[in-house]
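Colleague:
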Amino acid sequence: MKPSNQSASSDRKLGKDEEQLLDDLGIFGQSRRTFLNQMSAAGISLMAVPYFTSDMFAQASKAPDLDPESLLNALEVNLKINGKTYPLQVDSRMTLLDALRERLNLTGSKKGCDHGQCGACTVLIDGKRKLSCLTLSATCKDKEVTTVEGLTQGTDLHPVQAAFLKHDGFQCGYCTPGQICSAVSLLDEAKRGEVSYVTKNVKDEVTQLSDEEIRERMSGNICRCGAYNNIVQAIQEVHSGKAEMPRWEFATEEQLEASRPAE
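The working numbering puts the first residue of the sequence shown at 4, with every later residue one more than the last.
If you want it as structure tokens, here you go:
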């Protein structure tokens with residue numbers, strides 16, 4: 004007999020991250036089985052939203068110091084990341100991206116191209132967007148570094164993060180941390196009246212951004228999935244302060260039929 008969906012959901016093997024999540028939520032034994040009967044995998048993910056927006060994700064866990072003999076030119080630096088200072092011994096050639104990911108276990112910032120061409124590693128340094136793969140960690144002494152993990156306030160998402168979720172501004176999500184950090188900085192640039200390449204009159208301060216302005220200012224962040232239209236809409240909503248309905252929609256049967264190749 005084919006098992007019911009309810010039985011299948013309760014018998015399926017959980018991944019380590021799901022096990023850890025349920026442990027942290029305090030759901031054990033029979034309660035866990037009942038919970039799984041009632042929740043889909045997507046439901047579990049939604050339950051985890053407050054968990055993943057907690058301050059613990061903005062805090063790094065320092066990795067063990069490196070063997071001094073493995074460092075060509077060892078430097079002692081204090082990095083202020085997401086409001087907390089971390090003393091680190093680094094190689095003078097170590098980038099901020101590698102320090103974040105390999106030494107502090109802050110893996111939100113992604114290593115895409117490692118050549119400053121994709122924007123996946125974008126972070127905020129003293130409030131301005133920078134490519135962490137091209138920034139030496141030693142140059143960040145006495146500077147305030149904010150990563151995507153540090154944008155949340157307690158259990159509240161940053162408005163840009165919430166807008167990306169609402170407007171489906173991502174697909175695989177690999178570029179999303181850099182996109183979000185860049186968007187946060189972009190909005191601050193607009194408040195300061197900074198112009199861009201597509202600004203028609205550079206003598207005027209630009210405080211109201213058109214979709215064209217947003218696309219130009221986000222052009223350093225590449226999305227290989229092609230979620231650009233949704234990204235622009237998410238940023239525009241936060242910039243304007245006006246709630247917008249998502250513009251994407253499911254294809255109709257007629258559209259699907261028309262897209263099928265002729266036999």
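All residues carry an ideal CB built from backbone N, CA and C; glycine is no exception.
Because the structure is a prediction, the values reported are computed rather than measured.
So the candidates are F167, R96, E147 and T125; which of them puts its Cα closest to the Cα of Y89?
Modeller: For Y89, the nearest C-alpha among the options comes from E147.
Colleague: Should L49 go down as buried or exposed, given a rule of 16 or more other Cβ atoms within 10 Å for buried?
Modeller: Any reading at L49 must be qualified, since the residue scores a pLDDT of 48, below 50, and its modelled position is unreliable; the value itself is stated next. Its Cβ having fewer than 16 others within 10 Å, L49 is exposed.
Colleague: Between W251 and the ligand ATP, is there a pair consisting of the residue's CB and a ligand heavy atom that are separated by less than 8 Å?
Modeller: Among the components of this structure there are no ligands whatsoever, and the ligand ATP is therefore not found.
Colleague: As an exercise, report each continuous alpha helix (DSSP H) stretch of at least 4 residues that is fully enclosed by the stretch 145-186, in chain order.
Modeller: Listed in chain order, the complete alpha helix (DSSP H) runs (minimum 4 residues) inside the stretch 145-186 are 162-169.
Colleague: Using alpha carbons as the reference points, say which of V241, E266, M248 and L82 lies closest to M97.
Modeller: Minimum Cα distance to M97 is reached at L82.
Colleague: If you run the structure through DSSP and keep just helix, strand and coil, what is L137?
Modeller: L137: helix per DSSP, three-state reduction.
Colleague: Pick out whichever of R195, I217, K133 and L168 has its Cα sitting closest to the Cα of L100.
Modeller: Ranking R195, I217, K133 and L168 by Cα distance to L100 puts K133 first.
Colleague: Go ahead and label L259 buried or exposed: buried means 16 or more other beta carbons lie within 10 angstroms of its beta carbon, across all protein chains shown.
Modeller: Exposed.
Colleague: On the CB-based measure, 16 or more other CB atoms within 10 Å of its CB, does R263 come out buried or exposed?
Modeller: The residue is exposed, with fewer than 16 neighbouring Cβ atoms inside 10 Å.
Colleague: Could you tell me whether the stretch 203-217 touches the stretch 126-140, where touching means 3 or more Cβ pairs closer than 8 Å?
Modeller: No: fewer than three Cβ pairs fall under 8 Å.
Colleague: Please classify E240 as buried or exposed, where buried requires at least 16 other C-beta atoms within 10 Å of its C-beta.
Modeller: Buried is the call here.
Colleague: State the DSSP-derived secondary structure class of Q92, mapped to helix, strand or coil.
Modeller: Residue state, collapsed to three classes: strand.
Colleague: Where does A265 fall in DSSP's three states?
Modeller: In this structure, A265 counts as coil in the three-state DSSP scheme.
Colleague: Run through DSSP, which three-state label would E79 get?
Modeller: Residue state, collapsed to three classes: strand.
Colleague: Give the range of the alpha helix (DSSP H) segment to which V241 is assigned.
Modeller: Element bounds for V241: Y231 to S243.
Colleague: Please give me, in chain order, every unbroken run of the alpha helix (DSSP H) with length at least 4 that falls completely inside the stretch 193-221.
Modeller: 214-220, all fully within the stretch 193-221.
Colleague: For the putative contact between A123 and C178, defined by C-beta atoms under 8 Å, what is the C-beta separation to the nearest angstrom?
Modeller: Contact flag correct, Cβ pair sits at about 5 Å.
Colleague: Sort out for me which residues DSSP pairs T125 with in a bridge.
Modeller: L134.
Colleague: Could you name the residues of the same chain whose beta carbon sits closer than 6 Å to that of C175, not counting the 5 residues immediately before and after it, in chain order?
Modeller: Contacts found: C228.
Colleague: Straight-line CA distance for T110 to V151?
Modeller: Approximately 9 Å between the Cα atoms of the pair.
Colleague: So, under 8 Å CB-CB, T149 and N224 are touching, yes? Tell me the CB distance rounded to an integer number of Å.
Modeller: Wrong, their Cβ atoms sit about 16 Å apart, outside the cutoff.
Colleague: In three-state terms, what does DSSP make of K87?
Modeller: DSSP places K87 in strand when its eight states are reduced to three.
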